Every structure is written in C-alpha cells, then in structure tokens.
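Everything on this sheet refers to the single structure shown next.
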Amino acid sequence: QSVLTQPPSVSGAPGQRVTISCTGNSSNIGAAYDVHWYQHIPGTVPKLLIYSNVNRPSGVPDRFSGSKSGTSASLAITGLQAEDEADYYCQSYDNSLTASVFGGGTKLTVL
Amino acid sequence: QVQLVQSGAEVKKPGSSVKISCKASGGVFSRYGISWVRQAPGQGLEWMGGILPIFGTENYAQKFQGRVSITADESTSTAYMELSRLRSEDSALYYCAFTTAAGTGYHDYWGQGTLITVSS
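Chains as they are written, first to last, in the working numbering: chain A, 1 to 111; chain B, 112 to 231.
Structural data, given as structure tokens:
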C-alpha cells in the first residue's frame, strides 16, 4: 500500500477530459516535495509525463497538465485519444520514509 | 541524450542473489542520480533505491534494506543492483532509471527492463 493514493481506474470517451488524483500527506506532497507523473503503456518503458508538478518534458503534448495543492496533486488529460490508454503513476519524496515513492497507479481506459 | 542498456533476463533459485547491470551512454554519468524501480506482475511501480555517484551516497527503500545493494562504476558508466535472499515475490521486471537534473528526483531516462524470475 503506497503512501500516495491514486484511483485504481478512470475512463473517458475520446475527446473528453479526465483527471487523475494523487493524494499524499504531510510527509510527502504536503511537505512541499515535487510530484512527477509517468505514463506506462504495458510492454513499453515508463515515460516521464510531468515533472516538478506542472512541467512537461519536450515532446509531451500540451493535452497533459499537472497541478498540486496542499497534500494532493492531479494530472489532467484533455482531448482524450485512444493512444492515451495506459497506466499513470505519480511520484514524490517522503521524508518519514526517507525514500522516493510511487502512487499505486491508475489505469486509464478510453471508451 | 542518455541511453541505458540493461543486462538480460535471468531465472534464479529462491535464496540466491541476482546482480543486474545498467550501462549508460551519452551524458555525464557521475552527475546523474541512478535509481532502480521494479514492477511485479499485475502490480505497480515500486522504487527500490538509488545512488548519487558524484557523492557516493546510497538510499534504499525500507522494504529492501539489508537485501539490496546499488553501486556505480564511473569508469564504465555502469550501474548495478544486487538483490539477495531472493523469494518468489521478487519475480518482477526491474528497471534502472536516471535522474539527469540534479536534486529533482524525477526519472527522465529508463532502461529497457530486466525480467527476473525466481523459481525452484
């Protein structure tokens, strides 16, 4: 059980907007540690999607955006496309565990 | 552009050890943070530990402390992860993941993964 909680699954139709939450506590997100997001399509290597809460690496479409507030962070995907179907993970640092931690992951299904 | 190439899949007996390598090309190896992340079948990503070669410091997830050792050989730009006292639950895909932006913690480059199967 991760200290970062994500919904197990979300879904949306093509063109719609979905959000994936990542809820932590005062030892991680609430302690002002940055949150990063990864997209993982089974059979491929995880891909950095958002770093340091809101930044997109070069090549990541602006349909993907990140935000952070208090002890939570969110990943928003607009204009859903079939190729967005994947598992999404948040990551942060936890100072009580003194370790990097991943959320449990969220499976996005494009209907 | 950093490229990471990991060693091949292995089958190990319970109680034995495994050592996986991750060779980097491109970039400045010693400046990067190197982590190991695993994914067991049907499970999510799990951070195991990391090393900062420039400082020679290591940090391990509590779950793996005492069983894992992460090292880095700057002369060959190769990182290693050794996991001992293997059990069936250690069967997983193991990734090396690099952090090129110092002090940030995010992994912008990943190896292709190494499948470790623990079976008697």
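Glycine included, every Cβ here is placed at the ideal spot set by N, Cα and C. Bear in mind that the values here come from a model prediction, so they are computed numbers and not experimental data.
Quick one: give me the first and last residue of the beta strand (DSSP E) that A/V18 is part of. V18 to T23
Using the Cα positions of B/E185 and B/I165, report the straight-line distance between them to the nearest angstrom. 9 Å
Quick check: is the beta carbon of A/S58 nearer than 8 Å to any beta carbon in chain B? no
Is B/Q176 buried or exposed, if buried means 16 or more other CB atoms sit within 10 Å of its CB? exposed
To the nearest angstrom, report how far apart A/G12 and B/R196 are at their CA atoms. 44 Å
Contact test: B/F166 Cβ vs the ligand ATP heavy atom, cutoff 7 Å: Of the ligands one can find in the structure shown there are none, so the ligand ATP has no counterpart to examine.
Flag A/L48 as yes if its beta-carbon sits less than 8 Å from any beta-carbon of chain B, otherwise no. yes
Please state if the CB of A/F102 and the CB of A/L4 are separated by a distance shorter than 8 Å. yes
B/T215 and A/D34 - do their beta-carbons sit closer together than 8 Å? yes
My assumption, with CB atoms under 8 Å, is that A/S72 sits in contact with A/T19. Please give the rounded CB distance. Actually they are not in contact, since the Cβ atoms of A/S72 and A/T19 sit about 11 Å apart, beyond 8 Å.
Could you pull the start and end residues of the beta strand (DSSP E) that A/H36 belongs to? H36 to H40
Assuming B/T210 contacts B/G138 under a Cβ cut-off of 8 Å, what Cβ separation, rounded to an integer in Å, is found between them? About 11 Å separates the two Cβ atoms, so there is no contact after all.
Looking at chain B, is there any beta carbon in it that lies within less than 8 Å of the beta carbon of A/A76? no
Cβ-based neighbour list, A/L111, same chain, cut-off 7 Å, excluding 5 preceding and 5 following: S11, G12 and A13
How many whole angstroms separate the CB atoms of A/I41 and A/A82, which I take to be in contact at a CB cut-off of 8 Å? 12 Å between Cβ atoms; not a contact.
Determine the closest residue to A/K107 out of A/I29, A/V45, A/Q16 and A/Q39, with distance taken between C-alpha atoms. A/Q39
Run down chain A in chain order and give the residues with a C-beta less than 7 Å from the C-beta of B/E157. F102
Using the beta-carbon count (16 or more within 10 Å), is B/T189 buried or exposed? buried
For B/A212 versus B/S146, is the C-beta spacing smaller than 8 Å? no
Report back the beta-carbon spacing between B/V116 and B/Q223 to the nearest angstrom; my notes put them in contact at under 8 Å. 7 Å
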